[in-house]
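Positions in the sequence shown are counted from 1; adding 128 to them yields the numbering used here.
Just so you know, even glycine gets a beta-carbon here, dropped at the ideal spot from N, CA and C.
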Amino acid sequence: MKNTSSENHDKGFRFLPSVDQLMEKNEVKQLISRYSREFILHNIRELLAAIRNEISQGKADLQEVKKRAEGLIDELRQRLKAQLSPFLHRVINATGVIIHTNLGRASLCPSAVERLQELSCRYLNLEFSLEEGRRGARDLPVERLISRMFPGKSCVVVNNNAAAVLLVLNTLAEGKEVIVSRGELVEVGGSFRIPEVMEKSGAVLKEVGTTNKTRLQDYERAISPNTALLLAVHQSNFRILGFTESVRMEELVALGRRHGIPVMEDMGSGNMIDLSPYGITDEPSVEEILAKGANIISFSGDKLLGGPQSGIIVGDKELIARVKGNPLLRAVRAGKLTYLALEATLMEYLKGRPEVSIPVLQMLSTPLEELQRRAEAIIEELGKVKGSSLKVEIMEGASKVGGGTIPLVELPSRLIAVTSTRHTADTISRKLRMRPLPVIARIQEERVIIDLRTVLPSEDRELVKALKELALAD
Ligand SMILES: *Cc1c(COP(=O)(O)O)cnc(C)c1O
Numbered sequence: 129m130k131n132t133s134s135e136n137h138d139k140g141f142r143f144l145p146s147v148d149q150l151m152e153k154n155e156v157k158q159l160i161s162r163y164s165r166e167f168i169l170h171n172i173r174e175l176l177a178a179i180r181n182e183i184s185q186g187k188a189d190l191q192e193v194k195k196r197a198e199g200l201i202d203e204l205r206q207r208l209k210a211q212l213s214p215f216l217h218r219v220i221n222a223t224g225v226i227i228h229t230n231l232g233r234a235s236l237c238p239s240a241v242e243r244l245q246e247l248s249c250r251y252l253n254l255e256f257s258l259e260e261g262r263r264g265a266r267d268l269p270v271e272r273l274i275s276r277m278f279p280g281k282s283c284v285v286v287n288n289n290a291a292a293v294l295l296v297l298n299t300l301a302e303g304k305e306v307i308v309s310r311g312e313l314v315e316v317g318g319s320f321r322i323p324e325v326m327e328k329s330g331a332v333l334k335e336v337g338t339t340n341k342t343r344l345q346d347y348e349r350a351i352s353p354n355t356a357l358l359l360a361v362h363q364s365n366f367r368i369l370g371f372t373e374s375v376r377m378e379e380l381v382a383l384g385r386r387h388g389i390p391v392m393e394d395m396g397s398g399n400m401i402d403l404s405p406y407g408i409t410d411e412p413s414v415e416e417i418l419a420k421g422a423n424i425i426s427f428s429g430d431k432l433l434g435g436p437q438s439g440i441i442v443g444d445k446e447l448i449a450r451v452k453g454n455p456l457l458r459a460v461r462a463g464k465l466t467y468l469a470l471e472a473t474l475m476e477y478l479k480g481r482p483e484v485s486i487p488v489l490q491m492l493s494t495p496l497e498e499l500q501r502r503a504e505a506i507i508e509e510l511g512k513v514k515g516s517s518l519k520v521e522i523m524e525g526a527s528k529v530g531g532g533t534i535p536l537v538e539l540p541s542r543l544i545a546v547t548s549t550r551h552t553a554d555t556i557s558r559k560l561r562m563r564p565l566p567v568i569a570r571i572q573e574e575r576v577i578i579d580l581r582t583v584l585p586s587e588d589r590e591l592v593k594a595l596k597e598l599a600l601a602d
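Take a look at the structure:
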């Protein structure tokens, strides 16, 4: 049955102004001058429609409708504010996982941020030769640095390492065979699976050996006139322990040479330095893998390298030239923001002290005593809170490198364990996540664990603030 106009009248529609009436109000005119007429009009229409809908469904009585009508402008402002606040915002990573893919992997070093700030709002010679006054090569800024670090090698930068692997396989082995050990048919988080990428690249996977043991003869026997590549894949996020055997890169390279077949390693992490001073001995560096003779390697820019999301392919000049000639490159090439940040990050390596400037390496190399000292200072601050419902204590524990790198290594750390007389660990952790500057912690045995290794020292004060809020909240 249709509502008569008098029935509508009684429900309170009469309290609501029209769109035009609202648009004429001074406060609204101010909003229009700050944003745009269209944007404000659209929001007013949506807001009024939502209220009318509630009235029709009998969800608001006369008194409520009247009150809402009076507060319409405030409600409009709140609507705009919610719409205009960005979805992505800063969080404090207290998980102890340094390369946390869900939290954006590597944070950029200050020099990379400076370059982005200076140049991302301007024109730049991204792909333009100033000397010749015409189109130049996009890879030059990075290639210049890579060839200094690894003499005789060239490189290509793409969007991420998954794209790098796809591109190299498609370039060197489309319609041909690629030999891979069964122990290296890995899946990296987020559904990057070597067999599937291989299939998409048009290359034919030829698996050899078994999950735990693959020998040189296994590769050798699989080689045919149609073999285009020997591929080694870094066991990024797992290790096979116990009764195992795998072929060393040097042996694979020697085999490849004998048969005139190039050898690729998908190394993943992009580690550029010797990590043994930090207790990490099983993550070879780019330099080491190249020194063993790998003809072409690929890695991520935002894992241990500590730069922007990217995939970096480094290798023999002739192979890289073929990759550069592949039309697929256009579909996966990196943008100017990536080149700006990557150039600055690599420059930190060239300068020779990346541990002091690149956040991933800073966190990795922070001494335990420093974490202990910071933890003590935080606990002391919290001890001053009267009537606190929180119990906080320092615990020994371990951080992880993360990002599908170095899965077995635990970096000794100092943790702050938080429990409450009022709340469960789940509630505490939710409260920490839902504050304006979220703190992301982990839960272990009904305790909220804050790992200081991934919290920047400059964030300690904010952490104390967050915990004080919790201590005093009901
Ligand atoms: C991380 C990783 C990838 C995927 O790299 P993205 O940069 O995330 O695309 C591929 N292979 C290996 C061995 C990895 O560790």
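- prompt: So does residue 404 have its beta carbon nearer than 7 Å to some heavy atom of ligand 1?
  reply: no
task: Would you check if the distance between the CB atom of residue 466 and the CB atom of residue 527 is smaller than 8 Å?
output: no
query: Rounded to whole angstroms, how far is the Cβ of residue 403 from the Cβ of residue 348, which I believe are closer than 8 Å?
result: The pair is not a contact, with the Cβ atoms about 33 Å apart (cut-off 8 Å).
task: Please determine, among 346, 290, 329 and 401, the residue with the shortest C-alpha to C-alpha distance to residue 303.
output: 329
Cβ neighbour criterion (16 or more within 10 Å) applied to residue 129: Low per-residue confidence applies at residue 129: pLDDT is 46, beneath 50, and the placement is therefore not dependable, though the value from the model is reported in the following sentence. That one is exposed.
task: Can you tell me which of 584, 155, 566 and 169 puts its alpha carbon nearest to the alpha carbon of residue 218?
output: 566
message: In whole angstroms, give me the CA-to-CA distance for residue 545 and residue 512.
response: 17 Å
query: Where residue 484 and residue 162 are concerned, what is the direct C-alpha to C-alpha distance, given to the nearest angstrom?
result: 43 Å
query: If we ignore side chains and look at the alpha-carbon of each, how far apart do residue 400 and residue 478 end up?
result: 11 Å
- prompt: Contact between the stretch 547 to 562 and the stretch 528 to 539: three or more CB pairs below 8 Å?
  reply: no
message: Is the beta carbon of residue 179 closer than 8 Å to that of residue 168?
response: no
task: Identify, in the order they occur along the chain, each residue of the same chain with its Cβ nearer than 7 Å to the Cβ of residue 346, setting aside the five sequence neighbours on each side.
output: 336 and 337
query: Nearest-angstrom Cα distance between residue 190 and residue 430?
result: 57 Å
- request: Let me know the secondary structure DSSP gives residue 437 once reduced to three states.
  value: coil
message: Just to check my reading of the structure: residue 325 and residue 356 have Cβ atoms closer than 8 Å, yes? What is that Cβ distance to the nearest angstrom?
response: Actually they are not in contact, since the Cβ atoms of residue 325 and residue 356 sit about 15 Å apart, beyond 8 Å.
- prompt: What are the complete alpha helix (DSSP H) segments, minimum 4 residues, inside the stretch 439 to 527?
  reply: 445 to 452, 457 to 460, 464 to 479, 482 to 485, 487 to 493 and 496 to 511
message: At the level of alpha carbons, what is the spacing between residue 150 and residue 214?
response: 27 Å
message: List, from N- to C-terminal side, the alpha helix (DSSP H) runs of 4 residues or more that fit wholly inside the stretch 283 to 347.
response: 289 to 301 and 322 to 329
Ligand 1 heavy atom lying under 7 Å from the CB of residue 361: yes
field: Which of helix, strand or coil DSSP assigns to residue 193
entry: helix
query: Mind checking whether the beta-carbon of residue 431 lies closer than 7 Å to any heavy atom of ligand 1?
result: yes
query: Taking the alpha-carbon positions, what's the residue 373 to residue 350 distance?
result: 18 Å
query: Would residue 265 pass as a contact of residue 255 if the rule is Cβ separation under 8 Å?
result: yes
message: Does residue 334 pass the burial test, meaning 16 or more other C-beta atoms within 10 Å, or should it be called exposed?
response: buried
task: Keeping to the same chain, check which residues put their C-beta closer than 7 Å to that of residue 521; ignore five residues upstream and five downstream.
output: 545
- prompt: Are the Cβ atoms of residue 442 and residue 278 separated by less than 8 Å?
  reply: yes
query: Given residue 188, which residues of its chain have a CB within under 6 Å of its CB, disregarding the five upstream and five downstream residues?
result: 182
field: Distance between residue 569 and residue 392 (C-alpha atoms, nearest Å)
entry: 38 Å
message: If you follow the alpha helix (DSSP H) that residue 238 is in, where does it begin and where does it stop?
response: 238 to 247
message: I want to know whether the stretch 282 to 291 touches the stretch 444 to 456 - three or more CB-CB distances under 8 Å.
response: yes
task: Below 8 Å on the Cβ atoms is my guess for residue 486 versus residue 237; work out the distance and round it to an integer in Å.
output: 5 Å
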